[in-house]
Each structure stands twice: as structure tokens, then as C-alpha cells.
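Same order as they appear, the protein sequences are chains A, B, C and D. The opening position of the first sequence corresponds to residue 1 in the numbering used here, with each subsequent residue numbered one higher. The opening position of the second sequence corresponds to residue 10001 in the numbering used here, with each subsequent residue numbered one higher. The opening position of the third sequence corresponds to residue 20001 in the numbering used here, with each subsequent residue numbered one higher. The opening position of the fourth sequence corresponds to residue 30001 in the numbering used here, with each subsequent residue numbered one higher.
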Amino acid sequence: MVNPIYIVAILLGVGFLLPSFSKGGTKLTGAIFFAALISVCAISYQWLTGFLIGDQVSVMIFTAGFKPPISINLQMGMFEAIFTGSINFMALFGAIYMFRQMAETGTRSFVLFLLMVLGLNGLVMTRDIFNLFVFLEITSIATYSLIGMDLKLKSLSAGFKYMIAGGIASVFLLLGIIMLYSVTGTLNIDEMVKIIPAVANIKILTIGLFLVLFSLIIEMKQFPSNGWAIDAYEGVAPGLTGLVAAIGTGGVFFAIYKTFPMMNKDLLSMTAVIGMLTFFVSNLMGLKQKNPRRILGYSSVAQMGLILSVGAWGYRTGAADEIFMLVLIPLFINHFFAKAGLFWIAGIVKSEKYKNWGMIKNNKIILIPFIILVLALIGLPPFPGFWGKWNLVLFWGATKNFTWIWFLLAGSLIEAVYMLRWLGYALKGEDTEEVKFDMTVSKNLAVFLVTSLLLTIAVYYSWTNEAIAPIYYLPFTVGLALFYLPFLPAKIKGFISMSGIAVYAYYFLPDQAGFNLFFNTIFLGGSFFLIIATMHSKGKRVGFFPLLMLMIGSLVAMVEAKNTLQFFFAWEIMTVSSYFLIMRGKKAQKAALRYVIFSLGGAFLILIGFGYAFSEMHHKIVLPISLLGAIEENKSIVFILISIGFLVKIAGIGLHTWIGSAYKKAEDDTTAFLSSILSKAGIFGFVILILIMGIPKIGKIDIAYVLGWIGAITAISGTMIAIFQEDAKKLLAYSSMGQVGYIILAMATMSGLGWTAGMYQVVNHMLIKGILFLAIAGVIYRTGTSKMYKMGGLIKKMPLSYTAVMFGIIAISGVPPLTGFGAKWLLYEALIEKGWYLQTGVAFFASTVAFLYCFRLIHTIFLGQAKTEFKDVKEAPVWFIIPQYIFIIIIMAFSMKPKLLLDMITFAVKPIFGESLSWVGDTAFSSLGYWNGFVVMNIVMVLFIGLTVLLLIKAPKVQKVKQFNIVFAGERPETPELTHFAYQFYKPYYRALGFLVNPRVKTFWKNVSNSAHTIGDSLRKIYTGNGQTYAFWILMYGLILFFITVGVK
Amino acid sequence: MIKRIFSAILLLGFVFVFFIIVNNIEEATALKGVGKEYAERSGNQELGAQNIVTAIIVTYRGLDTLGEVAVLFIAATGIAVLLRRKKKKIDPGKKKRESSEILLTGSTLLAPMIIIFGIYIFLNGHLTPGGGFQGGAVIASAIMLLFLADTSYKINHNVFGWLESLSGFAYVLIGILGLVMIGADNFLDNRILSLGTFGSILSAGAIPVIYTLIGLKVGTELASILDNMKGDLE
Amino acid sequence: MNITTIVHIIGFALIIIGFWGMLTQKNMIKIILGLAIVETGVQLVMVSFGFIEGRTAPILDSAVELSKVSSLIVDPVPQALVLTAIVIGVAVNALMLTFVIRLYQQKRSLSINDYKELKW
Amino acid sequence: MELQQGIFILMGLAMIIAAVLAMHVKDLISSIIAVGVVSLFASILYLLMQAPDVAMTEAAIGAGLSTLVFLYALHKTKDVEEEND
């Protein structure tokens, strides 16, 4: 192993020599410059592999031939190797990015760059506190000079403010060092740690420790004394800011981390509180930002705040090393690569407003890294940030620090909001021509290197995490494989996906049992047929099938999750893939953003619930799902939190505002998936949760009762909203919200019959929504519009779609003989048996109202007279028709022989809830009555066919009236459509019951987001841009903290 | 006006903090810890240097000084980068007033004396107070005198440039020599040369050599800072 | 009132005056001057931490008897630290001044209130 | 002991007055000179406190060079036309 001191020697030696070679031009000096950087990377790479793979033990390097207290020593341990390695490699990438700018400025900029890297390496390795000060000064002065290098007004003014703050910080650091020296008699950190316990009561020691800590906190850019830092992130050239944000803060963080062992308890908790405060407040302030660089500035200050807080926590609770490896490293690496990459992309896309980043949507070279880095930054799987956050919640849960978990996840949700809003504009923003790209090769190469390195680390993390066995990633394989075949036409990709599902089902379904088998068959079977519809598109449909398969894979992986980590991993992958699927729709940006915020909010609530659960389980890595049942202390909190998370997925009342716009704006066949397959994920979550934990009680209130009412109110409000919709897809969206409400109501009864009804409705709803959405998709495909009052009389042109919709409506409204009736019958039986009469009343009313929107759907689209522009409309493409009729055949089969379906359900429900239905031949006997599906079906079939034949023969000659020759007292209305009967079909009902439906919940959530924005807006006003005010804030902050921690005594 | 009031309140708070500090400082009556260690080691001439502060700066805490020289070097380079003239515009004929005869001859006579004094300072760094930094500063003041006295005086850039980078590189080389000659823990060790007789010019191993190099480097660097700052007007 | 406390008081007074200058003066060069005064104050405090009354400088010339060195000389370590701190302080001040020069060339104003483009 | 303490107090007062002057006087040149005086007094104080090395550094670099750097900076930030008075 090369002695790490050579890192210092090479960087300094080459730094000194370079000016003398400047005669040879920047070509020669550039070559020497890169040679120096690469050799330093090689040394740190050697040490890094030595530690990660080899059995290298941490090494002390002495200088001047004497042992530490006499001379300065450097240390190369595991943590130092990781930090120096990442700093050196990122410096290399940064050098590649900034090469052109540095070559223009001349050899001296290479010198400054080398010495900045020297300062950072020194900062990480030194064990002497004054040496820490010297290396900190080297880093700062080199950074100031690099900042001022491009001589722009913004960089210079930001640099000047940076220097004032740096000057004040070094003043406090010097005072702190001399005080520590005067008490402990040594300058070596390890020696100090040994001596401090003996002299702990001396006042000067605590003041000295406080001063050292405070000066390094200023350098770490913590709120509220970090105005200068955010101006620097905004003003300075992005190439450099990327580096400062990544390695600059990384080096300073390691410096402060080194001093933590010396600090006493309340200094550490002060740091932890400061860090978390910075994380939360900076994210809040990030909401109102317009300039991409300033957004990244706030986000990087926030992330470093979090990392500082976690480091302080580690030492405060004594679990420093374990937390360092499990939480701190993943979080740091995540911030490290994501920030550098994003700043560099911000450097390439020259635009001051994130709103017109729409330009990059057709420039793949920038778009793909941008997406990956934004996802990594938010901490979505499989990136390191996800594992870091998981372990952090695990740690805080185990030590019962629940408020910290709330702050952590609230902060990351806010960060997800403004980052995904930015991503939305990048994917779907409109093209504004004034954005120009600086597509120099070196810049893109640097971004590419950073992104690919981050991906490899992400894969390494996911692969080696023992909580998730590699077999667990099987469901995602087809999705990931399709990523690499974008060139294939849609049909072949569709076929590959279907065969993938079939093979998976063939191998894995047989050995599953109970609800896992039940839900797996729904997910796999449903999506198998729905994919047929997706093959209607002629083009390649790049990106659709991989995302679809990832979603389906995540559903299946969720079902097979053994422990909470696997479950949450699958849940988040599902959120991400469904977000991108919705995003594919035209102008789907707002809807997708609302959807993803709600789902992420729900996912974070689930994570908080797990956090509460960990407090009793003390499991190292993860908590097997089965053990969730063994929780006593905060059982109800865990249940409520996790169930709210699932309610978001099902669009329960109060959390439903995303469903209308998301289903409307997504592509038509994606909506079919969302409604029939994806909403069942929430149901599955409930099933697992209730099976393991049962539904706890809080004091007298039985949560099951509350859940029942939530289901009932969701059902009634979903259907009520649905009636008044003008748009077919919105109508069906709110109808699926209502139908799922029934399922929750059924499950809340916690009785055998209730659960059978619930599961029956699950299957029923999956089939019906599959038919209805695909039929509407066919109609929209042909007519181009989804507004119902624009259509009409399509029965002659699209008879097959008509019949499919008719079957769907009969099934959904519960009219015998189809499966709908079975679902309603079982539901009412269960509710009456349970004694919930009021809920039965509400459910009954809701199902009658449901029939209203079904009638509206079929009447406005298919019946009445055809509009002139749709007279040459052909039948929906065959790809849409096939899955609809397969589902109809299944429905017919289940209606004829309900036993087929009910056996499957009781097979799953019986072991838990016991026998609920007894069978005699084809009639099912429940406690209240009996039902024979077969007989009913035959009678109705006979009647139905008879009537239709009769009508067809005697079809009376109908007098054709031209549709719009309605004359209003002599003048023609200018928009005839609006006079069409289909427009505001239920106007009178609206007048009567409209008050139930006006968007109270929507305004509630609007107020929540507005208040967050205003708080953020008012908070950021403290950064007035005046360097002096920033200095004032730093000193005032120091004073306040001094009186809080060191106090007066 | 409010800003003054707030600053006044803030500084009153700091007065109070410093009052606490001054109250709690108990006066040191004897050396302890590392200070005592250095005194005893220099007492029995471990490094052969009479000036203990120099011994500490050059050898015991050699990495600090290496870092500090780097700080000065970065500052000089940074100032050169920041004050570089974008377009090589030669100043038009606005002739500066020629300085008087007495001033010219006086300065040309005095400057070498000051430079010799500077060299004396860093050569005797390990014996009497003073050393590389002080010597370098004196040399720079000599060059400052020439700048002030003779407005058309231009320092010879490539000589200064070569001197600066070579002395810096030599300093790092001595550090590496320590590693190569003595052992893995002896970066910047001064015992690569013999310690010589206590109190003589060529004693205390490599300390005088290191201090000369530092003296030259600091001298040239401060001179180039002054030259850049002076630079003909934009 | 021994000497170390006197010098401590002087040092801390300088720091207060320096901060006062930095916070209230508009002119950027005045701010840097304030910072210079603060640094001088800090250096004074550092040296005074190492001072022991009635002892001589840490130079082993004739006045200091080699065997009893540790009871005769002042603490050399703070002096070594201050030496480095002075040089670093001057380097930082010089760099800040070049920033001010360049800023002046952009906006022809030395007042810090005129450089507020980057805010919120 | 009284004499030495008296000298220190005197020096201290002089420095504090010079520093206050430096901050409050309007004309920049005199405030730079005042800071130079402060650092000169400081180097004398260092001498009295048995720190010759630090005294020399403070005198040479603190008082000498930094004052000059400040003067040069001031020189370059005045408007060009009224510079050759």
C-alpha cells in the first residue's frame, strides 16, 4: 500500500511545479495536472479496495519521525478511505467537467484545483486540530480563488460573502483551539479525547469545544447563518458549485465528524437539532424557488444538515460506527453524486427558470441522467438514499425518537415535491426556444461518469443487502430486460411481457397459498389480458412496457415480501413506475405530480408506521412482517398510520383528490391498469395488515367501525361525484373510488361473510373496470374525445363496444344475473349479519346512485343520435375488443357458476374466519337466505334473448328527426352541443344534492400546499443578499447557541 | 440606524461572553502537556535547534508549515488569477514622473542591504528569533522599496517564477527525502542531515535548509503579490 | 490584574471593535480592516494563553540553562500557532482585497449594499 | 511588577484607541494607517511577552506588508481621473 502521505506530497509538489511549465502551454500543464489527479485517485482506490475487500486495518501515518502528541499524524481508516476515495474520484470528474474553463484561465487554475483537492484530503486524514485548521484554510482559499476565477459579478459578490463568513468561522476556530490547548495541553484529537474526561468540569474546556463546534457548523452552512452559502451555490459557475456541494461539504463534514468524540452530550444534541432544523427549513424554503441552481443550493444545504444531524446522533447514542456505515455512508454517497451531477446538468442547460426546462425532454443525453439523479436525490429505491433513510428510521424507531422520524419524512416529502415538480417540467414542459445547451463533450462525459458510478453503487447496495435475497428481484427482470430493447415494435414487446407473466405464473403460483395466491392470480391474470389492449399502438411505444412490467413486478414482489423492507421496497418501486406511466399521458404533468405526492406521502406514513413498530422489535436490519402482530405498546398508532398509507392508494375519502386527474390524464390503456390492478395493491396491503395485526381498539372506539364508515362514505361520495362528471374517464375514475369503498366496508365487518364479499367485489371490480376502461379507450381511440356530451349514437358504429359496456354496467350496478349482484348480495348479508344497519342503508343508496352514472355513461355515448362528425367512425381496434370479451366470458362463467369464484375465495378466507357459506348443489346458503346463481342466470338469459328477438322483428319505423334543428324562438344556439340532452345530464340532481359534492377536500389540500409555500416564502426572506446581514446572522446565531448550550453558570 | 442598534446589542452579548471567558481563565504557572515535552526535548538537543519555536514549526509540526506555505502560494496564485489582465493592453504613453536622483541611488544602495539582512534572518532561523517567513517578508520589503522608489522598476517574472516553484518543490522533496532515507514515519524529518555542533550555523540538520527555501519562496511570493496588486492600471 | 488578563482584555476588546466595524461599516475595505483587527485580537489572545510571568523567550541561548529548560521558558506552542495564523490571516486579507478590486471594477462602488443581486 | 503592568495597560489603551479610530474615521487612508499602528503596538506587546519570533512576523508581515497591500488595493479602487494629484 502506497503511504497516503504521497497524496499530499504529489498534489503539493505538482502544484508548486506547474507554474514553471506554463511556458509549454495549457496542453502540457493540463496533461501533468491530470496525471497528478489520476495518480492520487489510484492511491486512494488502492486503499479503498484494501478496506472494502481486503482485510486492511486502519493505519496511523506519523510525520517528522515522532509519535502523535509531539508531531502531527494522519490516519487512513475505513471511513477516511471512503471519503478520500470519493473526494478524489469526484475531483477527477469535476476536472473533466471544468477542463475547458480552466484551460482558458491558464495553468494557475490547475494549480488552484490541485491545492483544493490537497486541502480536502488533508482535512479528512489529519488527526491534529490545528492542522485541521490549516487544511481548512487551504481548502477555503483555493475555493475562493476558483470561485472568483471567472470574474463575473455574481461569482465575485457570492465569493466575497463566502470569505466574510469563512473569516469569522476561522476566528472562532482559532479561539476554540487555543482554549482546548490551554486546558488539555495537546493539539492531537485522539489525545484530547483521552484527556477531556479528566478535565471535563473546567468551564474553558466547554467554551473551547463550543467555539470549535460552532465554527465548523458555520462552515457546514447550517440554517439560519447560511445565506452566503446559498448565494454562492446560485452565483458561482455550476461546474465548481457541483464540486463544492459534493466534495467541499464532504471534507468539512468529515472534519466536524472527527471532533464529535470530544464533544459532550448537550453539544451533540445541539448539533443534531441544528442539522434536522436545517434539513426541514431549507427544504421548506426550496418550495418557492424559481432558479434551478438555487433549488439545488437549498437541497444540498438540507441534505448536509441531515447528514450532520445523523453524525451527531451516532456519537450521542454511542452507536457511532454502526450508524456511520449503515446510514451515513448511503445518505452521503447519495447526496454526493446526485448533487454534483445535478449542478453539472444545470451548468449544461443554461436557463434561470426551471419552468422552461421543457427543452431537454427531447435531448436524451441530458434527460436520462437528470431523471436518474432526481430519483436518487429523493431517496427512491434502489438508490443508496433509500437504504440510508430506511436504516435511519429503523435506528430512530428503535430508540423511540418518533418526532425525528416525522421531521425526516416531512422534510423528504417537501424535497420530493419541488424536485419532482422540476422533473415534471423537464419531461413535459413546453418548448421555449431561449434555452440554449452547452453540449461540450467534457461536460456530458463528467455527468455520464457520475450517473453510471451512482447506478453501480446503487446496484451494489441493493444486491448485497442481506434483507433482500437476490431471488426477490426476479419479478423485475422482464421489466429491466425490456429497458434494453426500445427498438422493438410495441406488439413484440407486448408479447414478451405476456410470456414473461405466463412463465412467472407457471413457476411461482402453484406453491403459494391463501391470500398470496388469490391476489397473485388477480395481479398476474388481470395484467396478462390487459396487456393485449396495450398492443394496439403501431409505433414502438418506447419506455411504456418496461415501466408497465416494473409496476406489475412490484405488485407481485409486494405479495411475496417476507419482511417490511421488501414490502416497502416493492411499494416504492410501484409508486415510481406508476408515476412515470401516468406521466406519459399528454399534459399529464400536474396530475402525475399530485398523484406522486399523495402516494409518496402515503408511503412515508407507512414508513413512519414501521418506525413505530421497530421501537418494540429491536431488529437489526428489518422486521419480518409476521412479527408486526406482536406489537402492543403503540399498536393502534402503527395500524392507523399504515392504513392511512394504504387508503391513499385506494383514494379513500379525504385522500382522493388525485384520482380524477391521474386517471383522466394517463394514457387510456394505462388507466385500465391503474384502476383494475393497481388500486388492489392498497386492498392487499389492508388484507396483510389486518390478518397480522387484527384491527386494534383505541380505548372504547373500535377502529374497524371507523374503517367501515370510511368505506361507506368513500362509496357514497365516490358515486355522487361520478354522476356529475362530463368526462367519461373521470366518471369511471370516481366510480372505481366508490366501488373500492365497498371493499373496505366489507372487510371492516371482520366476519367470514364480509371478507368473502370483499374479495368477491375485488375480482368483480377488476373485471368490470377492465371492460369499461378498455371500451372507453376504444371509443376515445376512434372519436378522439372523452367528453360524453360530444359523443352519442355510437351504437350503430361500435356495436361490440356497446355490448361490452352494457355487460359492464349490468355487472357493476348489481343487477342480477351478473356477478355484481353476487357482490351486493354477499355485502348486504354481511352488513345485516354484523348489525351495521345504517351502513347497509348508505351502501344501498350508493349502489342505486351508481346505476345513475352507469346509465349516463352508456346513454350519452352509445344511445341517442350520432353526431355528424362521428358518422364514419369504425369499430374499436380488435386489440381492445379481445380482452373485453375475455373478461365478459369470465364474468358470464362466474355468474353461471358462482361456486367457481367463491370456492377460490373461501379457500383463502376459511382458515381465518371459518365457514360462512354452505353449498347445496348450486345454491349458496347463508344465515339469512339462499342464492342460486345458475337458475337466475338461465331465467334471465331466456327472457333477455326473447325480448331482443321480439324487438328486432317488429322494430317500428322510427321517424328520423335532424338532431340540431331545435329552434329557440327563432334563433339558433351557437354551440348546439351544449343544448344536447347529454350535457349536464343530472342538472336537477345537482341542484338537489350538489352541496354534498362541492370540493371541500380539494380546497383543504390546496390550503395545505399554499400554507407550506407561504411559510417557505416568508422564511427565505431572511436571506437579504447583503453580506453584512449574513455576518450579523452568524454572530447572533453563535451568541444564542452559546447561551443555550454553555450557559451562564 | 436599526442595524447599529442590533449590532450594539449583539456585541454587548459578546462582551458578556468574553467576560465569562476572562473570568474563567486561570493563569498558567508552569508548562504542561506538549509545551513541556518540546522544552525538555530541545533542552537535550534532540533536533539541535536553539530556537524551540523554529524546531516546532519546521520539524515537530512540519506539516503545518508545509500547509501554510501552500496557503501563501494559493493566495499568490489566486491573486494572480484574479488580477490577470484579460487583454494584453500596454499602458499608453502617460509617462509617470521620473523619481529624483537621490531616491533612485539611495534605493539601489539600500535594497541589497535589506536583502542581505533578510537572508541573515532566515539563515539563523534555528539560532536566533526569526526564520523563513520573517526573512521572506524582509526581502519582499526590499523589493517593495524598489517598487516605491523607481516607478518603472519591473521584477523579472520568469526568474521569480522559477525561484518560487523550485524552492517549493525542493521543500516537498526534502519531505520525501525524510521518507526515503529514514523511514515511513519520517516525512519532513530534519535528521536527514547531521545535527552538527549545537549553536553553529550549519547545525540542526535540515532546518536551515528548509528555512532558506521557505524564505526564498515567501519572499518571491509576497513580491509577486505586490507586483500583481501594483500592476499597471487597467 | 496579572499581565495575561490585561492582554486577554485587550485582545477581546480588539475582537469586539473589529466585529463592530464589520457589522456597521458600509465600505468593503473597512469591513476587511475590521476583520484584520479581529485577527490581531485573536492572535494577541492566543499568545497571552502561552505567557507565563517571569520567564524568558523560548530561545536556548546563554541565558537559559539547558537542564532546567522547562521551568525557565514561556510556552512555545501558542507562538508557533500564532506565527502560522498571522501568515494565513494576511493571505486571506490580500485575497479579499483582490475580490474588492474586481468588484469595484464591475460596479464602481465599494459599499456592500450594492451587491445584493443574489437573494431569497 | 507595577511598571510592567503599567506599560501593558498603556499599550493596550493605545491599541484600543487606534482600533476605534480605524473603524470610525471617514478617510480610508488614515484608517489603514491606524490598523498599521494597531499591529505595530501588537508586535511590541508580543516582544514584551517574550515572543520574539511572533513580534518579528507581526512587524514584518502584519504591520509592513498588509498595510501596503491595503494601500495598493485602495489605490486601485479610486476612480482613474483623480489619481495623480
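Glycine included, each C-beta is placed from N, C-alpha and C at the ideal position.
Closest by C-alpha distance to residue i, when choosing among the options
i, options, result
"A/N283", "A/F210, A/S269, A/V273, A/L306", "A/L306"
"A/T328", "A/L373, A/I372, A/E352, A/F395", "For the sequence presented, residue 328 of chain A should be read as Leu rather than Thr. Closest by alpha carbon: A/F395."
"A/P1068", "B/V10071, B/T10220, B/Y10060, B/I10139", "In the structure as shown, chain A begins at 1 and stops at 1049. Residue 1068 of chain A is therefore absent and cannot be evaluated."
"A/K194", "A/M220, A/K769, A/T259, A/K221", "A/T259"
"C/G20034", "C/L20081, C/M20096, C/L20060", "C/M20096"
"D/G30064", "D/S30043, D/L30003, D/A30051", "D/S30043"
"A/G741", "A/G792, A/F646, A/M325", "A/F646"
"A/L852", "A/L408, A/A775, A/F724, A/I776", "A/F724"
"A/F172", "B/S10007, B/I10005, B/F10014, B/I10009", "B/F10014"
"A/L380", "A/Y354, A/L331, A/T399, A/Y425", "A/L331"
"A/A728", "A/I744, A/H859, A/W825, A/G1025", "A/H859"
"A/D336", "A/M1, A/I147, A/V40, A/T241", "As written in the sequence, residue 336 of chain A is Phe, which differs from the Asp given in the question. When each option's Cα is compared against that of A/F336, the closest is A/T241."
"A/M90", "A/E616, A/L180, A/I168, A/A446", "A/A446"
Residue environment, residue i, which counts as buried when at least 16 other CB atoms sit within 10 Å
i, result
"A/Y507", "exposed"
"D/D30085", "Per-residue confidence for D/D30085 stands at a pLDDT of 41, beneath the threshold of 50, marking its modelled position as unreliable; the derived number appears in the next sentence. Per the 10 Å Cβ criterion, exposed."
"D/T30057", "buried"
"B/I10116", "exposed"
"A/E632", "exposed"
"A/L1061", "This structure cannot speak to residue 1061 of chain A, because chain A is shown only from 1 to 1049."
"D/E30081", "Only weak support is given to the placement of D/E30081: the predicted model assigns it a pLDDT of 45, under 50, and the value that follows is read from those uncertain coordinates. Exposed is the call here."
"D/D30053", "buried"
"C/I20052", "buried"
"C/Q20079", "buried"
"C/T20098", "buried"
"A/T868", "exposed"
Residue(s) in a DSSP beta bridge with residue i
i, result
"A/Q566", "Looking at the DSSP assignment, A/Q566 forms no beta bridge with any residue, so it has no partner."
"A/I532", "Beta-bridge pairing links A/I532 to no other residue."
"A/L74", "A/I61, A/T126"
"A/T1060", "In the structure as shown, chain A starts at 1 and stops at 1049, and residue 1060 of chain A therefore has no counterpart that could be examined."
"C/I20073", "C/T20056"
"B/N10044", "According to DSSP, B/N10044 bridges with nothing at all."
"A/P624", "A/N563"
inquiry  = Any C-beta of chain A within less than 7 angstroms: which residues of the stretch 20064-20091 of chain C qualify?
reply    = Of all residues in the stretch 20064-20091 of chain C, V20077, P20078, L20081, T20084, A20085, I20088, A20091 have a Cβ within less than 7 angstroms of some Cβ in chain A.
task = Only counting runs of 4 or more residues, tell me where the alpha helix (DSSP H) segments fall wholly within the stretch 178-263 of chain A, in order along the chain.
result = If only complete runs of 4 or more residues are kept, the stretch 178-263 of chain A shows the alpha helix (DSSP H) at 189-199, 203-219, 227-235, 238-243, 249-259, in order along the chain.
task = Determine which residues of the stretch 1024-1039 of chain A have a Cβ less than 9 angstroms from any Cβ of chain B, and write them out in chain order.
result = Within the stretch 1024-1039 of chain A, the residues whose Cβ lies closer than 9 angstroms to some Cβ of chain B are Q1028, T1029, F1032, L1035, M1036, G1038, L1039, listed in chain order.
query = In the stretch 10183-10195 of chain B, which residues sit with their C-beta less than 8 angstroms from some C-beta in chain A, listed in chain order?
reply = Correct list: G10183, A10184, D10185, N10186, F10187, L10188, D10189, N10190, R10191.
ask   = What residues in the stretch 10016-10038 of chain B bring their beta carbon closer than 8 angstroms to a beta carbon of chain C?
value = Cβ contacts with chain C: F10018, I10021, V10022, I10025, E10027, A10028, T10029, A10030, L10031, V10034, G10035, K10036, Y10038.
request  = May I have a chain-ordered list of the alpha helix (DSSP H) segments no shorter than 4 residues that lie completely inside the stretch 887-937 of chain A?
outcome  = Segments of the alpha helix (DSSP H) lying fully in the stretch 887-937 of chain A: 898-913.
inquiry  = What are the residues in the stretch 125-142 of chain A lying within 7 angstroms of chain B by C-beta distance?
reply    = If the cut-off is 7 angstroms between Cβ atoms, the stretch 125-142 of chain A has F130, N131, V134, F135, E137, I138, I141, A142 near chain B.
task = Using a Cβ-Cβ cut-off of less than 9 angstroms, give me the residues of the stretch 30050-30062 of chain D that come near chain B, in sequence order.
result = Shown in chain order are the members of the stretch 30050-30062 of chain D whose Cβ falls below 9 angstroms from a Cβ of chain B: A30051, P30052, D30053, V30054, A30055, M30056, T30057, A30059, A30060, I30061.
task = Check distances from the C-beta atoms of the stretch 20099-20119 of chain C to those of chain A and list, in chain order, the residues that come in under 8 angstroms.
result = Here the close residues are F20099, V20100, R20102, L20103, Q20106, K20107, I20112, N20113, Y20115, K20116, E20117, L20118, K20119.
Contact list for the stretch 10131-10165 of chain B against chain D, Cβ threshold 8 angstroms = Only those residues of the stretch 10131-10165 of chain B whose C-beta falls short of 8 angstroms from the nearest C-beta of chain D are listed: G10131, F10133, Q10134, A10137, V10138, A10140, S10141, M10144.
query = Which residues, taken in chain order from the stretch 10069-10080 of chain B, show a beta carbon closer than 9 angstroms to some beta carbon of chain A?
reply = The residues in question are V10069, A10070, V10071, F10073, I10074, A10075, T10077, G10078, I10079, A10080.
request  = Return the chain-ordered ranges of every alpha helix (DSSP H) run that is complete within the stretch 655-705 of chain A and spans a minimum of 4 residues.
outcome  = You should have 657-665, 668-673, 679-693.
ask   = Along the stretch 154-167 of chain A, what residues have a CB closer than 9 angstroms to any CB found in chain C?
value = Correct list: K154, L156, S157, A158, G159, F160, K161, M163, I164, G166, G167.
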